[in-house]
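Order-wise, the sequence lines are chains C and E.
For what it's worth, numbering that gives the first Met the number 0 labels the leading residue of the first sequence as 0, then goes sequentially.
For what it's worth, numbering that gives the first Met the number 0 labels the leading residue of the second sequence as 0, then goes sequentially.
Think of the CB as a built atom: it goes at the ideal place given N, C-alpha and C, for glycine as much as any other residue.
Everything numeric in this text was worked out from a predicted model, so none of it was measured.
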Amino acid sequence: MSPSDAELLGAWAEGDTRAGSRLFNRYFLPVSRFFANKVAEDHDDLVQETFAACVRGRERLRDKSSFRAYLFAVASNVLRMYLRRLCSREPLEALDELSVHDLAPSPSTVLRGREQEHALLDALRRLPLPLQVVMELYYWEDMRTHEIAEAVELPTGTVRSHLRRGRDQLERSLRRHPPADDGSAEVVDLERWAAALRETITRSCA
Amino acid sequence: MSDEPSPSSVTIDVPGRPDNAARRDRMRAALFGEEPRARTLGRFEIRGELGRGGMGVVLEAFDPELDRPVALKLLHPRLDDAAQADLLREARLLAKVAHPHVVHVYEAGRIDGRVLIAMELVRGQTLRQWQRAAPRGCAEILDAYRQAGQGLAAAHAAGVVHRDFKPHNCIRDEAGHVRVLDFGLADHPSAGDGTSGGTRAYMAPEQLEGEACDARSDQFSFCVALHEALHGVHPLAQDERRGLGEALPSEGTGVRVPRWIDRALERGLAEDPRWRWPDMDALLHALRPRRRARWVVAALALGVGVGAAGVGLVASGDEPVEPCGGAELRVSESWNDARRDAVRRALLDTGLPMASETWPRVRDELDAHLERWAQTHTEVCRATRVRGEQSVERLDLRMACLEQRLDAVDGLLDVLEHADAEVVIAAIDAVHELPRAEPCRRLEPRASPEPPEAAVLRRELGRALAERDAGRPERALEQLEALRERAVASGTRWLAAELLVRRGEVLEELGRGADADRPLDQGLWAALEVGHDEAAFEAAVAHAGVVGLLLIEEERGLVLVDHARALLGRIGAPDDARQELELVAGLVLGRHGRYEEAMQSLDRAEAGVEPGGREHLDVLAARGNVGLWCDRLDDARSQLERHLEIASGVYGPRHPEVANTLNDLAVLEIQQGRAKAAEARARAAVEILQESVGDHPRVADALMNLAGILMIREEPDLEGALRRIEDARRIYVEALGEGSAKVADADLALAMGLESLGRLEQAEQAYRRNLELQRRLKGERHPDLRHPLLALGTLLLDTGRPAEAIEPIEQAVALARELARSAGEGADPSGFIRDGERLLAQARAEAEP
Chain C
0 MSPSDAELLG AWAEGDTRAG SRLFNRYFLP VSRFFANKVA EDHDDLVQET
50 FAACVRGRER LRDKSSFRAY LFAVASNVLR MYLRRLCSRE PLEALDELSV
100 HDLAPSPSTV LRGREQEHAL LDALRRLPLP LQVVMELYYW EDMRTHEIAE
150 AVELPTGTVR SHLRRGRDQL ERSLRRHPPA DDGSAEVVDL ERWAAALRET
200 ITRSCA
Chain E
0 MSDEPSPSSV TIDVPGRPDN AARRDRMRAA LFGEEPRART LGRFEIRGEL
50 GRGGMGVVLE AFDPELDRPV ALKLLHPRLD DAAQADLLRE ARLLAKVAHP
100 HVVHVYEAGR IDGRVLIAME LVRGQTLRQW QRAAPRGCAE ILDAYRQAGQ
150 GLAAAHAAGV VHRDFKPHNC IRDEAGHVRV LDFGLADHPS AGDGTSGGTR
200 AYMAPEQLEG EACDARSDQF SFCVALHEAL HGVHPLAQDE RRGLGEALPS
250 EGTGVRVPRW IDRALERGLA EDPRWRWPDM DALLHALRPR RRARWVVAAL
300 ALGVGVGAAG VGLVASGDEP VEPCGGAELR VSESWNDARR DAVRRALLDT
350 GLPMASETWP RVRDELDAHL ERWAQTHTEV CRATRVRGEQ SVERLDLRMA
400 CLEQRLDAVD GLLDVLEHAD AEVVIAAIDA VHELPRAEPC RRLEPRASPE
450 PPEAAVLRRE LGRALAERDA GRPERALEQL EALRERAVAS GTRWLAAELL
500 VRRGEVLEEL GRGADADRPL DQGLWAALEV GHDEAAFEAA VAHAGVVGLL
550 LIEEERGLVL VDHARALLGR IGAPDDARQE LELVAGLVLG RHGRYEEAMQ
600 SLDRAEAGVE PGGREHLDVL AARGNVGLWC DRLDDARSQL ERHLEIASGV
650 YGPRHPEVAN TLNDLAVLEI QQGRAKAAEA RARAAVEILQ ESVGDHPRVA
700 DALMNLAGIL MIREEPDLEG ALRRIEDARR IYVEALGEGS AKVADADLAL
750 AMGLESLGRL EQAEQAYRRN LELQRRLKGE RHPDLRHPLL ALGTLLLDTG
800 RPAEAIEPIE QAVALARELA RSAGEGADPS GFIRDGERLL AQARAEAEP
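Put into structure tokens, the structure is as follows:
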């Protein structure tokens, strides 16, 4: 029977780098996806920092119901610290209102996608940061709202309302700039688009 | 069109993005202290992936052996063997193309059974991305595509066709430098995964139909891409074969595209490859940036202000604009202080002693030539723009002619700026031979205009002739032949005829009479057939010279002179042509002993020539030669001494032209029995010529003269003489062929040397051999036969066979008398007839029983 995520993390913390490497292999993709559409540069450094921070803060794993929730909580913090360094003029609370597009308007250098997917990626980047995180975790990582709530350290009800607002805003902006090969601009099939995007993002990160 | 990425177009835009696997390895190394796994392919270390496509994958890699980054194209294993072999062959051809606008293929081969091509790693945007990133101006687009076009042309020259040219396959780096990549890697039919959809948009019709494609197919694709870049729309969007449908975005680029660009593109987009431009060079020439409008140049020139503001060229205010005032400015674009300095330095840097004498003469001659050009330019312009007496059509035609003349100057200046010894020697003549501007004033439109590529070919012809005029005839010959093939291929028969004639002329200058015979003959008839009278005239004149002077055939030479005379009338008998003809006629007549007629021709040639000028030299040299050939030695001497004086001034005292005169004077001194003076002149001539022209028949002529003098001086140096004759003979054989008259002359001299050394039997055989050859070459009654006849007779007499000696001596005296009769009363200054008669009397006396 294969060791659990928590066991691997513990072994790694004890100095077993093979265990760390296995954990890294399990979660490299989700972490990479997490940063892919949020930062223009330094993607790899942030992925690396997230794993390193997981070991450092492993005590807090106990507070979470799953390793995934813990991992994305760490990743969210790494991202917030990074964005704060990047935009030191903005007050800390602003990170809840601003989008990554406001903070760093150039798209990621990691992503390569078809042109018609750029629209959706761009729309995601234009959401306020907490909404974008919630949307991506929901659609790309298949996480349930309570798990997301643990990751972003918000009440479950807030996550649900974030999801609703995020969907509304995405649909609005997609109606304004419909993806090229979608004939029906009226009904935007967000589920379908999100699935396609996840594939693209994964291909880019894998 | 589809955005389907081709193997390398997706990726190169992202600077330095490494492959994900490698990134993960690096992160692991940082987190867990693991060494990053080194991934290698053969000797190449893989750094990442740049892209994928139907044909395979492109990797970023490092070549540790040559210490450089490379892009590795690894072809898909499912390509069939034939396709792989094709691609390998093309990649290897391309590896030989080192061109700034072609992504360099370093090597190609197989690793683990897969075809691998290692090439230059270029970072930048594809032209497609560059075009989309921001609105681009017409000039920048044209510049980028001209670079790509040059890359295509270079590959075509190496025998590689791209087959899939499109903006996705051109990389533009940050410095704006454009390179073409993926030659011959077009989605091969056997790739068979349908990724060729995006490519069909740019394909030539013959490719769409699955027919064979060649360089002209690339030209088509190039024109599609450039048209699309400039206008924002595909030129053949409605072509159903391309599957572009209605979805094509058709918003224009807002770029104002000049008509001449569209005209050039239209031709490249012709459905039938034969109607396109003959090659990329021709298309690129048609697409070259045009000169700025004249008044802009004028304003700029005045902007630097040398108190010229009042000249009235500025297109401003109420001042009337002189519409024809641009000639000097146009000249100064080609011939200015910078260019002057470059030419001066290039000439002096050769270190030839004569260079410092050559430079001021070249400069003055160019100044004068361009001043005449500017006058003609102004005159032609005013005839339409000011006086209104000349149609605009004629103005265009004549201005185009003038531009060609200036192109010729540009071409010559290019050659002069890279002068070597040969160029310095020929420089003065080259400037003098520049095509004159004046005839452009008389130019009339032709009934059937030449196809557009004729202009391109003509420009290149100018360059080839500049090589010839600058003393690099071998190079000129190569270029002329290549041009002729293109002219024939494109049906430019008018020009093809002219090129034959030019080829003959260059061969004549090389002294290769036998080789020149045929192209000149063909050139004459080809020119007559298409009604190109100027070329026909040139052919006849050159051919008369070749036949009459190099091959020494009297009758045929004179027939050709008659042809040329008939043609002179057809071209309006301009002075320079008339003079050229009379000069050749005089020489041919004189060479065959017809002194009086020769002198009449030369008198006509001299009429209207400025005394002491460059043309005067030709006439004087001809008179001197004719005097020598016809035994009018005192006349010849005075002509040649005058020639030496003028030539030293025109060319400088250490110039091959001066050597030629010295050479002729030496011949004269020998014939008049002044051996010492002759030897000094001959040695000086040999020295100057060897310094300058190498193994040219002219050096051999000088060696022959020197050898003759060494034999007859007071203390003969027979060994030295024979050595020089053998050198000369070798040069003649190489240049003219074994059976040529010059070789016969060398054999005669060899025989005389052998006789002087007392090797009489060998000498007798050599005389008889020479007589036989000369009879065959020149006929029984040629005056040249008198020398071997008399020599043979003398030898027979000296070896105690007086009876056998009588006949050859009789014949020699008879030929000398005929020559004397045609040259005028009592002409026997060298005493040939007197000596002959004395020997004849002796032979008869000794032969008495």
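Item	Value
Could you tell me the alpha carbon to alpha carbon distance between residue 719/E and residue 688/E, rounded to whole angstroms?	18 Å
For residue 502/E, report the span of its alpha helix (DSSP H) as first-last.	492-508
Apart from the five residues on each side of it in sequence, which residues of its chain come closer than 7 Å, Cβ to Cβ, to residue 700/E?	662
Candidates 833/E, 391/E, 808/E, 218/E: which alpha carbon is nearest residue 843/E's?	808/E
Taking Cβ-Cβ distances below 8 Å as the criterion, which residues of the stretch 413-437 of chain E are in contact with chain C?	none
For residue 29/E, return the contacting residues in chain C, with the cut-off set at a CB-CB distance below 8 Å.	47
Residue 383/E: buried (16+ other C-beta within 10 angstroms of its C-beta) or exposed?	buried
Would DSSP call residue 153/C helix, strand or coil?	coil
State the beta-bridge partners of residue 62/E as determined by DSSP.	67/E
Under 9 Å Cβ-Cβ, which residues of chain C neighbour residue 46/E?	By Cβ distance, chain C contributes nothing, its closest Cβ being about 14 Å from residue 46/E, past 9 Å.
With a cut-off of 9 Å, does the C-beta of residue 19/C fall near any C-beta of chain E?	yes
Taking only beta-carbon positions, decide if residue 122/E is within less than 9 Å of chain C.	no
Assess, as a yes-or-no matter, whether the stretch 202-211 of chain E is touched by the stretch 119-136 of chain E under the definition of 3 or more beta carbon pairs within less than 8 Å.	no
Quick one: give me the first and last residue of the alpha helix (DSSP H) that residue 223/E is part of.	214-230
Are the C-beta of residue 101/C and some C-beta of chain E separated by less than 9 Å?	no
List the residues of chain C that residue 32/E touches, going by C-beta distances under 9 Å, in chain order.	16
Determine, using beta-carbon pairs with one atom in the stretch 543-560 of chain E and one in the stretch 581-593 of chain E, whether at least three such pairs fall under 8 Å.	yes
For residue 629/E and residue 425/E, I'd like the C-alpha separation in whole angstroms.	30 Å
With a cut-off of 9 Å, does the C-beta of residue 458/E fall near any C-beta of chain C?	no
Kindly indicate which three-state DSSP category residue 798/E falls into: helix, strand or coil?	coil
I want to check one thing, is the minimum distance from the CB of residue 717/E to the heavy atoms of the ligand MN below 8 Å?	Among the components of this structure there are no ligands whatsoever, and the ligand MN is therefore not found.
Based on DSSP bridge pairs, tell me the residues matched to residue 107/E.	116/E
Report buried or exposed for residue 417/E, applying the criterion of at least 16 other Cβ atoms within 10 angstroms of its Cβ.	exposed
Is the beta carbon of residue 175/E closer than 9 Å to that of residue 221/E?	no
Are the beta-carbon atoms of residue 704/E and residue 743/E separated by less than 9 Å?	no
So, with DSSP's three-state summary, where would you put residue 629/E?	coil
In the DSSP output, what is residue 178/E paired with across the bridge?	170/E
For the stretch 21-51 of chain C, enumerate the residues whose C-beta is nearer than 7 Å to any C-beta of chain E, in chain order.	23, 27, 43, 46, 47, 50, 51
What's the gap between the Cα of residue 99/E and the Cα of residue 150/E?	7 Å
Identify the contact partners of residue 26/E in chain C, using a Cβ-Cβ distance below 7 Å as the criterion.	43, 46, 47
What does residue 23/E touch in chain C if you count any residue whose Cβ is under 7 Å from its own?	27
Report the partner residues of residue 50/E according to the DSSP bridge assignment.	57/E
Between which two residues does the alpha helix (DSSP H) containing residue 63/C stretch?	Here residue 63/C belongs to no alpha helix (DSSP H), and DSSP marks it neither H nor E.
Leaving out five residues before and five after residue 570/E in sequence, what residues of the same chain have Cβ atoms less than 8 Å from its Cβ?	532, 533, 536, 576
Does DSSP put residue 357/E in a helix, in a strand, or in coil?	helix
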